[in-house]
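Data first, discussion second: the structure below is written as structure tokens.
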Amino acid sequence: MPPHRWFAVGTGDASADDAGGRAADAALIHDDAKLLIVFCSPAENLQDLIAQVRSRSGGVPLIGCTTAGEIARDGPRDGSVVVAVLGGDGFVIDTAAAAGASEDLRDAGARAARCLPSPASHPHRVLLLLTDGLASDQDEIIRGAYSVLGAGVPMVGGCAGDGLKMTRTFQFHGDRVLTDSVVAAGIASTGPLGIGVQHGWRAAGEPMLVTGSSPNRVDSLDDRPALDVFLERLGAEPGQLRPEDLPALALTHPLGISRHSGEEQVRFITSADFTRRSLFSTAQIPQGSLVCLMEADISAVLAATTVAGYASVAALGGSSPLGMLAFDCVARRSILGQEGIEKEIHGLADAAGGAPLAGFYSYGEIARTRGMRGLHNYTLVILSVA
Amino acid sequence: MPASTWFPQQLVAFLEAVWSARTEAAAGLMAVERAAEALDAEIAAIVCADRVVAAVGYPEGAIPVRELTLIAADGAHRELTVPGAGVCRAATVSLDYPAGATFILARAGPGGSLGHDEASLLRGMARVTSVAMRTQHLLDDERAAREESDRQVTENARLLAELTQRQVRLTELVGEQAALRRVATLVAAQADADRILAAVAEEAGRLLVADMGAVVKFGPDECMTVVAIWTREGTEFDFPVGEKVPIEGGSLTAQVLRSGRPSRLEGYRGATGGLAEIRDRLGLRSIIGAPIMVGGRIWGTVTVSVLSSRPEAETLPAGSEQRLADFTELLATAISNSQARSELARLAEEQAALRRVATLVATGTASADLFGAVTTEMRVLLNAGVASLLRYEADGTATFLAASSDPNTEVPLLSHLTLEGRSVAAAVLSSGGPARLDDLEGPSGSVPAVFRSLGMRSAAGAPIVVEGSLWGVILAHWRDPEAVPPDTEGRIAQFTQLVATAISNAASRAQLAASRARIVVTADETRRRIERDLHDGIQQRLVTLAFRLRMTQDAIPPGHADLLAAMSHADEELISILDELREISRGVHPAILSEGGLGPALRSLARRASVPTVLGIGEIGRLPQPVEAAAYYVVSEALTNAAKHANATVVHVDLEVKDSTLRISVADDGNGGADPAQGSGIIGLIDRVDAVGGKLTLRSPPGEGTSLVIELPLKLDAAT
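Heads up: the protein sequence lines correspond to chains A and B, in order. Position 108 of the first sequence, counted from 1, bears residue number 108 in my numbering, the numbering being contiguous throughout. Numbers given in my numbering equal positions in the second sequence, counted from 1, plus 386.
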């Protein structure tokens, strides 16, 4: 007799023959799958890959996206395909896709969020969101989803990547490969679901006031050109730094937006406009925010991983996890380095207690458990399923 | 983070976000969302009276209006249920705008209640919200008003443009209708085609404000004829009207003919050769034409043109081709309607003529009258000069049986014609089918010569076929070859059919009469033969026997009284037989009739009749044998009937010969009520009378006696 709830993961090299099919085969350990989640690197023929997976799973709902790297139990890798499956009558799952998201991000979030089923028999619920990582304002998407779900339903997920090319990311829904879209799976379970969110960064130095900003740009800090202030804080000479060296520098020095709770919301600075002296950020840094320069060391970052993992398990209220989904910021990957991320994954696997693990390196992480804020950078978000 | 730093900046950020909203409602929603974000709260709402203006943190469609309005109304009640978090304390701030509204905020968790600074921030945000919403409200109203005003202006402009357009169109339509009406009036008044076409050219030209309008008819071999032209006053024009000219390739008429659609030729610039000549000679700037369709084929075109003498700018406006085409189409309809009407009228006439002839045929009118009627009807119907009916004779000639001429033409007086040479009559004779000659000038022969001398130029004819064999022909001749109607042979054929039927009927009747006459004659002869046999044979022998008996009687010696008595008895018997025989023979065929004629025979009948008979016959002399026989038997039968049925006291028999007719009347004063259907006697009489072509009239009203009147023609009519 199949278990009421089960979670399994299959992986494979995306370039291998029938990679999608074989990964799916490994994950479809029972007949009553309820959701397939597919993460893979952007490849030549995503449509074929999805078709291969579907040929094994039939009409079972499917979501997924492209990544800046995949995560599975046996470690992080690129160019692979990871298929995670939730199954059993203990889950009631529905999916949705909102295409053309950039026309109205808020509406896209709302449309995606409406797929959440609410049977009284399955009281534990979470919305799993995967967005186009290149969307200009992920916060809007989350606001849209929140307007539909309200404070009672947590959200987790990630922003799709494309191997750091920053050209185009893809999202999967059913048998379709989409872009500029938001896909979601509304999960209702008879068993608990736990979310853990940690980044491991700390504020360094005095806060700065964002005195001028526009979408995805910080123009001025403390009434001075943002780039100059930023470099000053970093102790770099404005004249000395070559523009192409800035991303690497900024990578290890994100900004953190001050919050009432004391915890900063970290924001990824990707590059700068050396003419206008402004900083580019993937997520919004609203005018009037107070921001701090953030710093971390590897141990802190790694520690955050463990904390996030155990926190998500703890949130299960005593039940053991059947499996974990991990949404890890690509910046963390860059910072931790190859050795670091392997340690990170092993740490996660320990926290999972041997349960299967699937996830990806993303351009942004989504976790909304308290209040309205849900978009994170430099963060690890874990969803544990019991 | 000192509140003094953080607070204002948060407020500034809040202000900026809320102010970016475009409408009052959006401002409210933005306010609650940003306030919740700023303060990390789950729930934020703006409540006004019993309405939730905006709220964030509740699932879609699940806003607890009552709970929120309760909190807004009751300052003391501050507990709010946060989904997923349970009951929490809510902070409230009153808003100036909307009037009486309240800003509510609730945060879950242990640090849920707002701190002092946070409360200040919330108050600040509430103030900003009020101002923003009020401003947006005003802007909304203004915007709505402006939009409405803009909409009105646009609508007005559109309506005005539409109206103007309609006005223009209406004027055009009125013009078109008036033009059409003028042409239609001409058509209805059955004006000449020439007048109608001239009107068409003028109306088309005026309608499109052109310098010239023309109607062009297409002929075979890429030719055309300008059948009507109109030019604007003061315009000089020169084009051969009524002449057949070739159609220039590349000209407008060529375009219309080729495409079958309305066309335009602008400028004639760059035209070479014939076209350039046209342009120069006629001074044409531009020309449009629309096809005239008749019976699904292109008959010609109406063209309208503007001359070079017009100012450069003025030319036929766009859409003129279509207007011309519409006008022409309407015209074609009007004309074809009138054509259809006249076609119908023609058909009706034809049917009436056929019906008149058919009636004559049915009533069995004597043939000469019938043939005369046929030729007259046909001539009128076909608008011919002369219509005639000929019978073919066995010797290859033809006999005129009837002819009808129009008032201007003499009637041909010939009775007989030979059929040599070429003629319609000869053609029909040899082919057995209809024939036509469009030009009588050439053919030789007496028939064409005759008609030529009467002024006829073309002919047509159809055969009369009686019972499968060619009997004769109906001919029609015309003065003017153009006047020969279409399908003439077909129309003549309808009449020949009727004539053939009449001839057939008459022949049958004649045959029937002849047959019956033959029967009567045969019967009479038979009776005569019997009588002769009786007389010559039996009667003679009986007379001889009687004589011998007498002799034997005389030879009987006296004293044999019984022998004498027996002989006398036999003698009497013999005489009685003789008498009887004589009677019989008289009944079969009274010798007295053959030898003495009607007078003596009737006197004999009258003497022997059982009812007293009064004869009134005068001197009638001998009459043809079948007539005498018929008269005798009629009177005999009538007397017998009078005796048998009538209970009459007297019978009057009167004879009279007048106008080649023998008139017999037998009248009694008996019961009357004689019915020809009862009793074969009268039927036999009818047959006999019919057989000699006579007429029998029986009048026998009950109680008023019976009278029989017979009229027998003394000349048998040969009905061939």
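Yeah, the Cβ is synthetic: ideal placement off N, Cα and C, and Gly gets one too.
Taking 7 angstroms as the line, does the beta carbon of GLY771 of chain B fall inside it for any heavy atom of the ligand ATP?
This structure simply doesn't include the ligand ATP, nor any ligand for that matter.
Could you confirm whether any beta carbon from chain B is found closer than 8 angstroms to the beta carbon of GLN287 of chain A?
True, the Cβ-Cβ gap to chain B drops below 8 angstroms.
Cα separation between VAL514 of chain B and THR478 of chain B?
The alpha-carbon separation between VAL514 of chain B and THR478 of chain B amounts to approximately 15 angstroms.
Would you verify that the beta carbon of VAL307 of chain A is, or is not, closer than 8 angstroms to some beta carbon of chain B?
Cβ-Cβ to chain B under 8 angstroms: no for VAL307 of chain A.
Alpha carbon to alpha carbon, how far is GLY628 of chain B from GLY646 of chain B?
Looking at the two C-alpha atoms, the distance is approximately 23 angstroms.
Bounding residues of the beta strand (DSSP E) (the contiguous stretch that carries PHE170 of chain A):
According to the DSSP assignment, PHE170 of chain A belongs to no beta strand (DSSP E), since it is labelled neither H nor E.
Cross-chain neighbours of ARG370 of chain A in chain B, by beta carbon under 8 angstroms:
Result: ASP426, GLU428, ALA494 and GLY495.
Kindly say whether PHE320 of chain A, judged by its beta-carbon, lies nearer than 8 angstroms to any beta-carbon of chain B.
In the sequence on display, residue 320 of chain A carries Ser and not Phe. With 8 angstroms as the cut-off, SER320 of chain A does not count as an interface residue toward chain B.
Which class does LYS397 of chain A belong to by DSSP, given the choice of helix, strand or coil?
The requested residue 397 of chain A does not occur in the structure, where chain A is confined to residues 1 to 386.
Of all the CB atoms in chain A, is at least one closer than 8 angstroms to the CB of PRO445 of chain B?
At least one beta carbon of chain A lies nearer than 8 angstroms to the beta carbon of PRO445 of chain B.
List the endpoints of the continuous beta strand (DSSP E) containing GLU365 of chain A.
First-last of the beta strand (DSSP E) with GLU365 of chain A: 365-368.
Cutoff 8 angstroms; reference ARG709 of chain B; Cβ partners in own chain excluding five residues on either side
So the qualifying residues of the chain are GLU558, GLU562, LEU593 and LEU594.
Is there contact here, the segment 350-368 of chain A with the segment 76-90 of chain A, by at least three beta-carbon pairs under 8 angstroms?
Yes, the segment 350-368 of chain A touches the segment 76-90 of chain A.
Per DSSP, what are the beta-bridge partners of CYS434 of chain B in this structure?
In the DSSP output, where bridge partners are listed per residue, CYS434 of chain B has B:ARG437 and B:ALA487.
Contacts of GLU423 of chain B in chain A (Cβ-Cβ under 8 angstroms)
Around GLU423 of chain B, the beta-carbon contacts reaching into chain A at under 8 angstroms are GLY371, MET372 and ARG373.
For a contact meaning CB atoms closer than 9 angstroms, what does ALA314 of chain A contact in chain B?
Neighbours of ALA314 of chain A on chain B: none; closest Cβ ~17 angstroms, over 9 angstroms.
Do ASN769 of chain B and ALA869 of chain B have their CB atoms nearer than 8 angstroms?
In contact: ASN769 of chain B and ALA869 of chain B (Cβ atoms closer than 8 angstroms).
Classify HIS1122 of chain B as helix, strand or coil using the three-state DSSP reduction.
Shown here, chain B extends from 387 to 1106; a query on residue 1122 of chain B therefore has no answer.
Quick one: residues in its chain with C-beta nearer than 8 angstroms to the C-beta of SER801 of chain B, no 5 flanking neighbours on either side, listed in chain order?
Taken in chain order, the residues that qualify are THR785 and PHE786.
With DSSP collapsed to three states, give me the class of HIS122 of chain A.
DSSP places HIS122 of chain A in coil when its eight states are reduced to three.
THR467 of chain B versus B:ASP460, B:GLY486, B:ALA492 and B:ALA459, residue with shortest Cα-Cα distance:
Nearest C-alpha to THR467 of chain B: B:ALA492.
Sequence-distant residues of its chain with Cβ nearer than 6 angstroms to GLY87 of chain A (five each side left out)
Closer than 6 angstroms at the Cβ level, and outside the excluded window around GLY87 of chain A, lie TRP6, HIS30, ASP32, ALA33 and LYS34.
Inter-residue spacing [alpha-carbon to alpha-carbon] between TRP864 of chain B and LEU840 of chain B:
TRP864 of chain B and LEU840 of chain B: Cα-Cα distance of roughly 10 angstroms.
What is the DSSP secondary structure of ASP792 of chain B, reduced to helix, strand or coil?
When DSSP states are grouped into helix, strand and coil, ASP792 of chain B belongs to the coil group.
To the nearest angstrom, how far is the alpha carbon of PHE393 of chain B from that of ALA326 of chain A?
Approximately 36 angstroms, taken between the alpha carbons.
Rounding to the nearest angstrom, what Cα-Cα distance links ALA1077 of chain B and GLY828 of chain B in this structure?
When rounded, the separation of the alpha-carbon atoms in ALA1077 of chain B and GLY828 of chain B is 53 angstroms.
Can you have a look at ILE187 of chain A and say buried or exposed, based on whether 16 or more other CB atoms are within 10 angstroms of its CB?
ILE187 of chain A is buried by the Cβ-count criterion.
Judging by CA-CA distance, which residue of A:GLY64, A:ALA72, A:ASP107 and A:VAL148 is the nearest neighbour of GLU446 of chain B?
Among A:GLY64, A:ALA72, A:ASP107 and A:VAL148, the Cα nearest to that of GLU446 of chain B belongs to A:VAL148.
Taking 8 angstroms as the threshold (beta carbon to beta carbon), is PRO677 of chain B in contact with chain A?
Among the CB atoms of chain A, none fall inside 8 angstroms of the CB of PRO677 of chain B.
Are the CB atoms of GLU775 of chain B and ALA811 of chain B nearer to each other than 8 angstroms?
Per the sequence shown, residue 775 of chain B should be read as Leu rather than Glu. Inclusion of LEU775 of chain B and ALA811 of chain B in the CB contact set at 8 angstroms is not warranted, their separation being larger than that value.
Note down, in chain order, every chain A residue with its Cβ under 8 angstroms from the Cβ of ALA440 of chain B.
Near ALA440 of chain B there are no residues of chain A at all, since even the closest Cβ is about 10 angstroms away, more than 8 angstroms.
Between the C-alpha atoms of ARG106 of chain A and SER57 of chain A, what's the straight-line distance to the nearest angstrom?
If I take the Cα positions, the gap works out to 32 angstroms.
Check the Cβ of ALA151 of chain A against every Cβ in chain B and list those closer than 8 angstroms, keeping chain order.
Neighbours of ALA151 of chain A across chain B, judged by C-beta separation under 8 angstroms: GLU428, ILE429, GLY443, TYR444, VAL468, PRO469, GLY470, ALA471 and ALA494.
Return the first residue and the last residue of the beta strand (DSSP E) that TYR361 of chain A is part of.
Residue range 357-362 is occupied by the beta strand (DSSP E) that includes TYR361 of chain A.
Exposed unless 16 or more other CB atoms sit within 10 angstroms - verdict on PHE91 of chain A:
When all chains shown are included, PHE91 of chain A counts as buried.
Residues near PRO399 of chain A in its chain [Cβ-Cβ closer than 6 angstroms; skip 5 each side]:
Residue 399 of chain A is absent from the model: chain A starts at 1 and stops at 386.
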